[in-house]
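Participant:
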Amino acid sequence: MRLFSSIINDIKIQFRSGFYYAYLFVCAIYVTAVFQLPDSFRSYGVFYVIFTDPTVLGFYFIGGLILLERRQKTVTSLFVTPLRLNEYLASKVVSLGLLGLISSLLIAIILLGGNFNIPVFSLTVILASAIFTLTGVTLGVQAQNINSYLFISPLYLLPIVLPVLGFLGIVSKNLFFFIPTHSILNLLNYSILDIKRSSLWIDFSLLIVWTGIAFCWAKSWFTKFIINQTGE
Amino acid sequence: MIQVENLHYTYPGNDKETIKGMNFTVRAGEIFGFLGPSGAGKSTTQKILFGILKNYSGSVILNKIEIKKVTSDFYETIGVAFEFPNFFNKLTALENLNFFRSLYQSKTLDPVELLSAVGLEQDKDVRFERYSKGMKARLNFCRALLNDAEILFLDEPTSGLDPVNQKIVKDIIRQQKSQGKTIFLTTHNMHVADEVCDHVAFITDGQINLIDSPQKLKVENGERKVKVEYYQNGNLKNQFFSMNNLADNEPFREILKNYRIETIHSQEATLEEIFIKTTGKRLI
Amino acid sequence: MNKIKIQSKSLIKSIVRDSFMVFILFIPIFVAVLFRIVMPILQGYLSGYFDLSEYYEFITIFILVMGPMMSGMVIGFNLLDDRDENILTYMAITPLRKEGYLLFKVFAPMVAVLIQSILILLIFNIGNINEYKLFPLLFLLAMETPLYALLMATFASNKVEGLAFGKLMGISLAGPFFSYFLPSLWRFTGGLFPTFWICESYFASGWMYLLFWLIGFVMHSLLLWQMNKKFLQRSN
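Chains as they are written, first to last, in our numbering: chain A, 219 to 450; chain B, 38 to 321; chain C, 1469 to 1704.
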């Protein structure tokens, strides 16, 4: 019940801050742009768009949300209610994941029709989004302002991007198999580009384990930097 | 209700103690005032009392539980109003209260009734970002009452309010007390403390200088005299008389009989004067 | 006394934020260096399929257009922070005045962005870029920095809205794409974006070059004038 009303509250605030309008527009632009590509490149276009935007939007927005809540001190007032930190974080993950999922599905369905594996695709976007949102929490609790958040984040995310090198054929693909992005790329490959894979469950289990790790990491740094510091 | 023994606290990364050994007891059903200038450690003590700051030394027992060990369920039983109103800007006053209400499993009060009690019923559907300072302060006060908690922590509940609303808030505080609530009130406004508190503690520099009831303090520290102001030949004059045997005091009776009296005041000390006398510090 | 202390603390914070700006100015230059190295390598890979060098001029313009977007957004977020801390109201009562503060904070970086784009041109000097044609366009480009900053600070009321709005503003980078890739008259729909005219002008010749530069200049100036007015209105 607490979790549910927290999620509704977060979605309401995100909606009123213009997140949904912004993404509707952004999706429209992506769709228009990918339509310009030759047919044989279309699914590659979708792959690229989904991987670089809706899956990581959680990271982009969570920094601002946490900085604003720190500034307005709503965080402090939430933690003198029965709301648990677990629920607070889960609510952020779910609300931003929903925005990511809706935009991803919108883009993919318009561009590919039903011609992709919707369940695998959706689950991948949800898990990837959760990992990125939670990683964003760990940076958001320390950042001084949005600008430093946005410009430190490329360095912060550098290790996560390493598997891309593997997929571009620059290094061996399996070198970074344990980094979540490896699994995300695999699963998007499978669901959008229809590249056969026998072991989906390995990628999914890795992502689930990483979501768990990211959750614990976010929780401990939230406690360390916000709750223990001044209670603010 | 609240027992604090030998409380020390240092903020992480600070080498100076913010709270330097406090001892006090708040009895169930009383209004306990924590008075002192800004930066004396009032808000820090409060944050320890409701369990946000946990790395203290000494003992803080609330409702028979050591505060370090409480779980989130503890927050079902307390109501908190911070000094600065902190709500979600994008939500209306009512949406804000409804959201906070939904976080409690225990019995809660109707937000609309609370809003009308502080005169915000008309503005319940206005977004928080459009609220004025005084409206924000009143909404903040409402949230503390939302879960009908046994213990209320109110940080400067009257700051930023005009006299009319100050009175409304003070009345509600007294009414909460009559319902058996325990109220821990932090303020640097001596008049408010004087009017509502059963006991006050004077805080300076992380320490308690004195705890007593305002009534007793005022009498003990005052002089047993009355000051009479009167007109004599069109000039305003004043004279002091001892309160002992005032009825038989001849010069006093003369004045009452022959002149037009402007004012008569007993000369008990104000809380503010006592504070300065005991702590050597001014309230800012 | 206390109030002045708090204000000057905020002011120091604000200056630290501004010095961060200098750091941001180097990012597009860094990107230019990176492309300078990567492009010829990529060209080697692609030779036979695709002649990348045909697009060098377009890529240069695209990198140039990114510069003001980045610094404009950074200044926009700074202004939002300043508004949170009431610095703007505070500035209104200093000798600098609100307008002076804006001049210093929003319009002065135009010079920095101009220098930045010249540096990028010097570094990313591959292909047959016509510097004489591009140089007058850099002035239009520099005007985009305060434009993005004021757009963000006017239409967003806090940093979270700023992020959502920043997402929308990113779309203005599409201007050069409209100009370069869309056929015939269709491409003029991109004329809504100020960035469109920079690209359009560069690839035009003769009188058309001058005409498009002028249209671009009028558009940039009008928008800037309007946004400056709107921003001052909003901060009152």
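The beta-carbon is built from N, C-alpha and C at its ideal position, and this holds for glycine as well.
The structure displayed is predicted, hence computed values, not measured ones.
1) Pull up the CB-CB distance for residue 116 of chain B and residue 182 of chain B, whole angstroms please, since I reckon it's below 8 Å.
2) List, in order along the chain, the chain A residues whose C-beta lies closer than 8 Å to that of residue 147 of chain B?
3) Can you look up residue 362 of chain A in the DSSP assignment and give me helix, strand or coil?
4) Just verifying my parser: in three-state terms, what is the DSSP assignment at residue 249 of chain B?
5) Looking at the secondary structure, which residues open and close the alpha helix (DSSP H) in which residue 95 of chain B lies?
6) If you scan the stretch 1516–1577 of chain C from start to end, which runs of the beta strand (DSSP E) of 3 or more residues do you find wholly inside it?
7) For residue 1493 of chain C, which option in C:1565, C:1579 and C:1627 has the closest C-alpha, if you only look at C-alpha atoms?
8) If you drop the 5 nearest sequence neighbours on each side, which residues of the same chain put their C-beta closer than 8 Å to that of residue 319 of chain A?
9) At a Cβ threshold of 8 Å, is residue 1501 of chain C touching chain A?
10) Alpha carbon to alpha carbon, how far is residue 280 of chain A from residue 286 of chain A? Give it in angstroms, no decimals.
11) Any C-beta of chain C within less than 7 Å: which residues of the stretch 265–289 of chain A qualify?
12) Quick check on residue 1630 of chain C - is its C-beta less than 8 Å from some C-beta in chain A?
13) Are residue 119 of chain B and residue 221 of chain B touching if we call contact CB-CB under 8 Å?
14) Strictly below 7 Å CB to CB, what residues from chain C border residue 452 of chain A?
15) Determine, using beta-carbon pairs with one atom in the stretch 308–327 of chain A and one in the stretch 377–385 of chain A, whether at least three such pairs fall under 8 Å.
16) Could you name the residues that DSSP lists as bridge partners for residue 267 of chain B?
17) Using the Cα positions of residue 1514 of chain C and residue 1521 of chain C, report the straight-line distance between them to the nearest angstrom.
18) Look up residue 1469 of chain C in the DSSP assignment and say whether it is helix, strand or coil.
19) I need the straight-line Cα distance from residue 449 of chain A to residue 82 of chain B, nearest angstrom please.
20) Taking the alpha helix (DSSP H) that residue 202 of chain B falls in, what are its first and last residues?
21) Beta-carbon separation of residue 1664 of chain C and residue 1651 of chain C under 8 Å?
22) Specify the secondary structure class of residue 56 of chain B as computed by DSSP and reduced to three states.
23) Could you name the residues of the stretch 290–309 of chain A whose beta carbon sits closer than 7 Å to any beta carbon of chain B, in the order they occur along the chain?
24) Can you pull the chain A neighbours of residue 127 of chain B, defined as C-beta to C-beta under 8 Å?
25) Classify residue 415 of chain A as helix, strand or coil using the three-state DSSP reduction.
26) Tell me which same chain residues have a C-beta within less than 7 Å of the C-beta of residue 63 of chain B, skipping the five on either side of it?
27) Please state the DSSP three-state secondary structure of residue 1648 of chain C.
28) Below 8 Å on C-beta distance, what does residue 364 of chain A contact in chain B?
29) In chain C, which residues lie less than 9 Å from residue 361 of chain A when you measure between Cβ atoms?
30) Taking the C-alpha atoms as reference points, what is the distance between residue 164 of chain B and residue 1601 of chain C?
31) In whole angstroms, what separates the C-alpha of residue 190 of chain B from that of residue 255 of chain B?
32) By DSSP, does residue 400 of chain A sit in helix, in strand, or in coil?
33) Helix or strand or just coil, what does DSSP make of residue 169 of chain B?
34) Give the list of continuous alpha helix (DSSP H) stretches no shorter than 4 residues that lie fully inside the stretch 1598–1638 of chain C.
35) Thinking C-beta only, is residue 240 of chain B closer than 8 Å to residue 77 of chain B?
36) Of the choices A:389, A:369, A:304 and A:333, whose alpha-carbon is the least far from that of residue 432 of chain A?
Facilitator: Based on what the coordinates show:
1) Between residue 182 of chain B and residue 116 of chain B the Cβ distance is about 6 Å, and since that is below 8 Å, they are a contact.
2) What residue 147 of chain B touches in chain A: nothing, since even the nearest Cβ is about 17 Å away.
3) The three-state reading of DSSP puts residue 362 of chain A in coil, since its state is none of H, G, I, E or B.
4) Shown here, residue 249 of chain B sits in a strand according to DSSP, grouped into three states.
5) Per DSSP, residue 95 of chain B belongs to no alpha helix (DSSP H); it is in the beta strand (DSSP E), 94–99.
6) Fully contained in the stretch 1516–1577 of chain C is no beta strand (DSSP E) run of length 3 or more.
7) Nearest option by C-alpha distance: C:1579.
8) Around residue 319 of chain A, the same chain offers 272, 340, 343, 344 and 347 as residues with beta carbons nearer than 8 Å, after the five sequence neighbours per side are excluded.
9) Not one chain A Cβ lies under 8 Å of residue 1501 of chain C.
10) Looking at the two C-alpha atoms, the distance is approximately 10 Å.
11) For the stretch 265–289 of chain A, the beta-carbon criterion of a distance under 7 Å to any beta-carbon of chain C is satisfied by 278, 279, 282, 283, 285, 286 and 289.
12) By this cut-off, residue 1630 of chain C is an interface position.
13) Going by C-beta atoms, residue 119 of chain B is not nearer than 8 Å to residue 221 of chain B.
14) Shown here, chain A extends from 219 to 450; a query on residue 452 of chain A therefore has no answer.
15) Segments in contact, no.
16) Residue pairing by DSSP puts residue 267 of chain B in a beta bridge opposite B:274 and B:298.
17) So the two alpha carbons sit approximately 11 Å from each other.
18) Here the model assigns residue 1469 of chain C a pLDDT of 41, short of 50, so the residue's position is not dependable and the matter cannot be decided.
19) Low local confidence applies: a pLDDT of 44 at residue 449 of chain A is under 50, so the model's placement there is unreliable, with the coordinate-based value given in what follows. Their backbone Cα atoms lie some 12 Å apart in a straight line.
20) Note, residue 202 of chain B: alpha helix (DSSP H), 200–215.
21) Note that the C-beta distance between residue 1664 of chain C and residue 1651 of chain C is not below 8 Å.
22) Strand.
23) Flagged, chain order: 290, 291, 292, 294, 295, 297, 298, 299, 300, 301 and 302.
24) Going along chain A in sequence order, the residues near residue 127 of chain B (Cβ under 8 Å) are 230, 231, 234 and 235.
25) In this structure, residue 415 of chain A counts as coil in the three-state DSSP scheme.
26) Contacts found: 38, 39, 69, 219 and 221.
27) Helix at residue 1648 of chain C.
28) For residue 364 of chain A, no chain B residue has a C-beta closer than 8 Å to its own C-beta; the minimum C-beta separation is roughly 16 Å.
29) Within chain C, no residue has its beta carbon less than 9 Å from that of residue 361 of chain A; the closest one is some 11 Å off.
30) Whole-angstrom Cα-Cα distance: 52 Å.
31) Between residue 190 of chain B and residue 255 of chain B, the C-alpha separation is close to 25 Å.
32) The three-state reading of DSSP puts residue 400 of chain A in helix, counting H, G and I together.
33) Coil at residue 169 of chain B, not helix or strand.
34) Scanning the stretch 1598–1638 of chain C from its first residue to its last, the whole alpha helix (DSSP H) runs of 4-plus residues come out as 1599–1623 and 1627–1637.
35) Closer than 8 Å, so yes.
36) Ranking A:389, A:369, A:304 and A:333 by Cα distance to residue 432 of chain A puts A:304 first.
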